[in-house]
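Visitor:
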Amino acid sequence: GAGVSQSPRYKVAKRGQDVALRCDPISGHVSLFWYQQALGQGPEFLTYFQNEAQLDKSGLPSDRFFAERPEGSVSTLKIQRTQQEDSAVYLCASSQDREWYQETQYFGPGTRLLVL
Amino acid sequence: AQSVTQLGSHVSVSEGALVLLRCNYSSSVPPYLFWYVQYPNQGLQLLLKYTSAATLVKGINGFEAEFKKSETSFHLTKPSAHMRDAAEYFCAVSLTLGSRLTFGEGTQLTVNP
Chain A
1 GAGVSQSPRY KVAKRGQDVA LRCDPISGHV SLFWYQQALG QGPEFLTYFQ
51 NEAQLDKSGL PSDRFFAERP EGSVSTLKIQ RTQQEDSAVY LCASSQDREW
101 YQETQYFGPG TRLLVL
Chain B
117 AQSVTQLGSH VSVSEGALVL LRCNYSSSVP PYLFWYVQYP NQGLQLLLKY
167 TSAATLVKGI NGFEAEFKKS ETSFHLTKPS AHMRDAAEYF CAVSLTLGSR
217 LTFGEGTQLT VNP
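Protein chains in written order, with our numbering: chain A, 1 to 116; chain B, 117 to 229.
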């Protein structure tokens, strides 16, 4: 079956530009996570949705970052007035949130953002 | 709070040799532990996870890991490395299943012919 998909795969933005990154989770998955992975680092948590509710946004680095999941499926991560330090790979993951022992986060391929 | 430390950002082994990737964790509660692998330009793929059912966990591609509470470790091993194992490996911890993951900084595994 289809996995988690993300678009675009690559994005080059000029400093100050707004960008929107899309995540299509696995169909029926309740939970959705966004992570930021800087070059040479492990992914870092940004935010978490359960259906359409954003339950945790403690990892968002500034108020320029905004995420939404209005219908409980597709999610968009928006970055306003991009800065060079926003350059990173943005990973989306989803999980079923049913039987606890089956819980696994499935990751998409990521969007590589380069801010010039 | 939880954290993960991966010892060695780069590990190089010969094909057929033992693979050992080290991971130590810090957690205020009994943790759930994971190993993920990342191939170039791909997302993270789960290798195995520890959910307190058994301390020795077997995963995909011949990998396994052992949870040692006394050492706060969850090292990843494979008896015989293959060229296709060359990738970056991440250890991760979460407080509950289904919650946010905290990752280590990763270990790049190189397999030499």
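For glycine and all other residues, C-beta sits at the position ideal for the given N, C-alpha and C.
Excluding the 5 residues flanking ALA20(A) on each side, which residues of the same chain have their C-beta closer than 6 Å to its C-beta?
Guide: Position 20 of the first sequence, counted from the first residue, corresponds to residue 20(A). Here the set comprises THR76, LYS78.
Visitor: Report, in whole angstroms, the separation of the C-beta atoms of LEU55(A) and CYS92(A), which I expect to be a contact under 8 Å.
Guide: For the purposes of this step, residue 55(A) is taken as residue 55 along the first sequence, with counting starting at 1. For the purposes of this step, residue 92(A) is taken as residue 92 along the first sequence, with counting starting at 1. Not a contact, Cβ separation roughly 16 Å.
Visitor: Hey, out of SER5(A), VAL30(A), LYS14(A), whose CA is closest to SER73(A)'s CA?
Guide: Along the first sequence, read from residue 1 onward, the residue named residue 73(A) stands at position 73. If we check each option's Cα against that of SER73(A), VAL30(A) comes out closest.
Visitor: Which chain B residues are close to LEU91(A), counting only those with a beta carbon under 9 Å from its beta carbon?
Guide: Residue 91(A) sits at position 91 when you count from the first residue of the first sequence. Near LEU91(A) (Cβ distances below 9 Å), the residues of chain B are GLY159, LEU160.
Visitor: Mind checking if PRO85(A) is an interface residue toward chain B, Cβ cutoff 7 Å exclusive?
Guide: Here residue 85(A) refers to the residue found at position 85 when the first sequence is read from its first residue. A small correction: the amino acid at residue 85(A) is Glu; Pro does not occupy that position in the sequence shown. Output row for GLU85(A): interface = no.
Visitor: Listing by chain order, which chain B residues have their CB less than 8 Å from the CB of ASP18(A)?
Guide: For the purposes of this step, residue 18(A) is taken as residue 18 along the first sequence, with counting starting at 1. Simply none; closest approach about 25 Å.
Visitor: Give the single residue among SER128(B), TYR155(B), GLN118(B) whose Cα lies nearest to the Cα of PRO229(B).
Guide: Here residue 229(B) is taken as the residue at index 113 of the second sequence, counted from 1. Closest option to PRO229(B), Cα to Cα, is SER128(B).
Visitor: Please list the residues of the region 182-206 of chain B that have a C-beta atom closer than 7 Å to any C-beta atom in chain C, keeping them in chain order.
Guide: Of the chains in the structure shown, none is chain C; the protein chains are A and B.
Visitor: For the beta strand (DSSP E) containing ASP201(B), list its first residue and its last residue.
Guide: As a working note, residue 201(B) is residue 85 in the second sequence. Premise fails: ASP201(B) is in no beta strand (DSSP E) and is neither H nor E.
Visitor: Would you mind working out which of ALA170(B), LEU211(B), TYR205(B) sits nearest CYS139(B), comparing C-alpha positions?
Guide: Within the second sequence, the letter at position 23 stands for residue 139(B). Ranking the options by Cα distance to CYS139(B), first place goes to TYR205(B).
Visitor: I'd like the span of the beta strand (DSSP E) that includes LEU91(A), first residue to last.
Guide: Numbered from 1 along the first sequence, position 91 holds the residue referred to as residue 91(A). Residues 88-95.
Visitor: Answer with yes or no whether the minimum CB distance from GLN54(A) to chain B is below 7 Å.
Guide: Within the first sequence, residue 54(A) is the residue found at index 54, counting from 1. Not closer than 7 Å to any Cβ of chain B, the Cβ of GLN54(A) fails to qualify, so no.
Visitor: So PHE121(A) contacts chain B; which residues on that side make the cut at Cβ distance below 9 Å?
Guide: Given that chain A is displayed from residue 1 to residue 116, the structure contains no residue 121(A) and the question cannot be resolved.
Visitor: In the DSSP assignment, the beta strand (DSSP E) including ILE79(A) goes from what residue to what residue?
Guide: Working through the first sequence from its first residue, we reach residue 79(A) at position 79. Residues 75-79.
Visitor: Closest Cβ-Cβ distance between GLN41(A) and chain B: below 7 Å?
Guide: Locating residue 41(A) in the first sequence gives position 41, where the first residue counts as 1. With 7 Å as the cut-off, GLN41(A) counts as an interface residue toward chain B.
Visitor: Would SER219(B) and PRO70(A) be called neighbours here (beta carbons separated by less than 7 Å)?
Guide: For the purposes of this step, residue 219(B) is taken as residue 103 along the second sequence, with counting starting at 1. For the purposes of this step, residue 70(A) is taken as residue 70 along the first sequence, with counting starting at 1. First, the residue type needs correcting, since residue 219(B) is Phe and not Ser in the sequence shown. Not a contact, by the Cβ cut-off of 7 Å.
Visitor: Output, in chain order, the set of chain A residues within a Cβ distance shorter than 9 Å of GLY132(B).
Guide: Against the second sequence, residue 132(B) aligns to sequence position 16. Going along chain A, no residue has its Cβ under 9 Å from GLY132(B), so there is no contact; the nearest lies around 29 Å.
Visitor: Under the DSSP definition of a beta bridge, which residues are partnered with ASP18(A)?
Guide: Within the first sequence, numbered from 1, the residue matching residue 18(A) stands at position 18. ASP18(A) pairs with nothing; no bridge assigned.
Visitor: Would you mind sorting PRO25(A) into buried or exposed? The rule is 16 or more other CB atoms within 10 Å of its CB.
Guide: Here residue 25(A) corresponds to residue number 25 of the first sequence, with the count starting at 1. PRO25(A) comes out buried.
Visitor: Report buried or exposed for LYS194(B), applying the criterion of at least 16 other Cβ atoms within 10 angstroms of its Cβ.
Guide: Numbered from 1 along the second sequence, position 78 holds the residue referred to as residue 194(B). LYS194(B) comes out buried.
Visitor: Would you report the Cα separation of SER58(A) and GLY214(B), rounded to the nearest angstrom?
Guide: Position 58 of the first sequence, counted from the first residue, corresponds to residue 58(A). Position 98 of the second sequence, counted from the first residue, corresponds to residue 214(B). Rounded to the nearest angstrom, the two C-alpha atoms are 16 Å apart.
Visitor: Would you call GLU103(A) buried or exposed, if buried means 16 or more other Cβ atoms sit within 10 Å of its Cβ?
Guide: Indexing the first sequence from 1 puts residue 103(A) at position 103. Buried, because 16 or more other Cβ atoms sit within 10 Å of the Cβ of GLU103(A).
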